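Number of protein chains: 2
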Amino acid sequence: MTNKKLTLQIDFRSGLPIYTQIVNQVQAQVASGILKPDDQLPTVRALAEELRVNFNTVARAYRILDEARIISTQQGRGTFITEIPPPKVTERLRRESLEALTQRYVSEALRQGFSKGEIRQMVSDQLKSWNESGKSEE
Amino acid sequence: MTNKKLTLQIDFRSGLPIYTQIVNQVQAQVASGILKPDDQLPTVRALAEELRVNFNTVARAYRILDEARIISTQQGRGTFITEIPPPKVTERLRRESLEALTQRYVSEALRQGFSKGEIRQMVSDQLKSWNESGKSEE
DNA sequence: TGACAATGATACAATTAGTACAATTATGAC
DNA sequence: GTCATAATTGTACTAATTGTATCATTGTCA
């Protein structure tokens, strides 16, 4: 497929640089199969406008993804998802992405004074409620 | 809201260090609700100019507030009020706070294509590793 | 006077934005 | 159909904005 929507959520106060957030999320969506080879990403300017950031910030993220062989940027043409890297790499990227996301969540929850038990319980509850109301995956 | 005015009154003859006065007043305004989470504080230079002090003095105050987890300073981006510290809130508010935090995390992880099992496992792992390397709470 | 805390000066690092340019593709006159 | 030209897309380099680190200066007080 071409020209998929690419939904990204940028948190401007998360402490993570915007370009890093873009990299992480594209990486995660590729690793999870939401983005597939030959999918075209938005142009640097289009994505920049959507996220309300400078297009160089997007370009920087794209460059990093390009160097990681996850996307292929072609001047004058556009940006595309490359071939799926070997499963080992994919799995590593997936894991790193989830790890970063989770670490932010856990450290923030602990910082706010919640116990590990409370956190574990709440995550479990939310996952369950997602079971009932939503898709039955896993 | 972002970029609120932040009115501070510095008394140069009070004997209290300037940075202490900044810390106290920001703290007070956060506690009283004048400053809310995600509000952006003035840059160290802007506030320094307004107060007619060296920007390092402001930076020092910001560093203390940052270490106290009241604000979050980010090089190249700015300074923001963090989440309201949880100390004296009721059990119900506490729970709602964790619930909101967790929901954001879980929905984001699911959106990025991770399975519930992966999420549960990763949270568990991170909580464990916090046991070993960090504080021994719970 | 000497120690120490507070403040200031200076240089630096990280992030994002601005500007000009190069490569490719689309369009239109002929 | 072919070529000139404009539009679109990514690239490179630079500037601006922000916080950080280190050391010097000042001032107070025992």
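From first to last, the protein sequence lines stand for chains A and B. First residue of the first sequence? That's 3 in the numbering used here, and the numbers climb one at a time after it. First residue of the second sequence? That's 3 in the numbering used here, and the numbers climb one at a time after it. Ideal placement from N, C-alpha and C gives every residue a C-beta, glycine not left out. These numbers were taken from a predicted model, which means no experiment stands behind them.
Using 8 Å as the cut-off, can you tell me whether the region 100-120 of chain A makes contact with the region 53-70 of chain A, which would need three or more C-beta pairs spanning the two stretches below that distance?
Too few Cβ pairs lie closer than 8 Å, so no.
Is L100/A close to chain B? Criterion is C-beta to C-beta, closer than 9 Å.
For L100/A, the answer is yes, since a Cβ of chain B falls inside 9 Å of its Cβ.
Helix, strand or coil for Q29/A, going by three-state DSSP, please let me know.
The answer is helix: DSSP assigns Q29/A an H, G or I state.
Using 8 Å for Cβ pairs, my map puts T59/A next to I20/A. What's the rounded Cβ distance?
Confirmed, Cβ separation roughly 5 Å.
Between A33/A and L103/A, which are expected to be in contact by the criterion C-beta below 8 Å, what is the C-beta distance as a whole number of angstroms?
Not a contact, Cβ separation roughly 12 Å.
Could you tell me if N56/A is buried or exposed, where buried requires 16 or more neighbouring beta carbons within 10 angstroms of its beta carbon?
Residue environment for N56/A: exposed (fewer than 16 other C-beta atoms within 10 angstroms of its C-beta).
For the beta strand (DSSP E) holding F57/A, just list the boundary residues, first then last.
Counting along the chain, F57/A falls outside any beta strand (DSSP E), though it belongs to the alpha helix (DSSP H) covering F57 to E69.
Taking the Cβ atom as the reference point for each residue, do S126/A and Q29/A lie within a distance shorter than 9 Å?
The beta carbons of S126/A and Q29/A sit no closer together than 9 Å.
Looking at chain A, which residues of the region 108-122 of chain B have a Cβ within less than 9 Å of any of its Cβ atoms?
Hits within the stretch, in order: V108, S109, E110, A111, L112, R113, Q114, G115, F116, S117, K118, G119, E120, I121 and R122.
Which listed residue (G17/A, L43/A and K130/A) has its alpha carbon closest to that of I83/A:
Its Cα nearest to that of I83/A, the residue L43/A stands out among G17/A, L43/A and K130/A.
Mind checking the region 49-62 of chain A against chain B and listing, in chain order, the residues whose C-beta falls within less than 9 Å of any C-beta there?
Residues of the region 49-62 of chain A with a C-beta less than 9 Å from any C-beta of chain B: none at all.
Can you find the residues in the same chain that come closer than 6 Å, C-beta to C-beta, to L53/B, ignoring five residues on each side of it along the sequence?
Excluding residues within five positions, the ones whose Cβ falls inside 6 Å are I12.
Whole alpha helix (DSSP H) runs in the region 70-114 of chain A with 4 or more residues, listed along the chain?
89-113, all fully within the region 70-114 of chain A.
Take T4/B and list the residues in its own chain whose beta-carbon comes closer than 6 Å to its own, dropping the five residues that flank it on each side.
With a pLDDT of only 42 at T4/B, under the threshold of 50, the placement of this residue in the model should not be trusted, and no figure is reported.
Do the CB positions of V46/B and T81/B come within less than 9 Å of each other?
Yes, the pair counts as a contact, with Cβ atoms nearer than the cut-off.
Quick one: is Q105/B near chain A, going by C-beta distance under 9 Å?
Closer than 9 Å: yes.
Please tell me whether A2/A has its Cβ less than 9 Å away from any Cβ of chain B.
The question about residue 2/A has no answer, for chain A in this structure spans 3 to 140.
Closest Cα partner of L18/A within the set R106/A, Q128/A and K130/A
Selected option, being the one with the closest Cα: R106/A.
Anything in chain B within Cβ reach of V28/A, meaning under 8 Å, just list it in chain order.
Contacts between V28/A and chain B, judged by CB atoms closer than 8 Å, are missing: the closest CB pair is about 10 Å apart.
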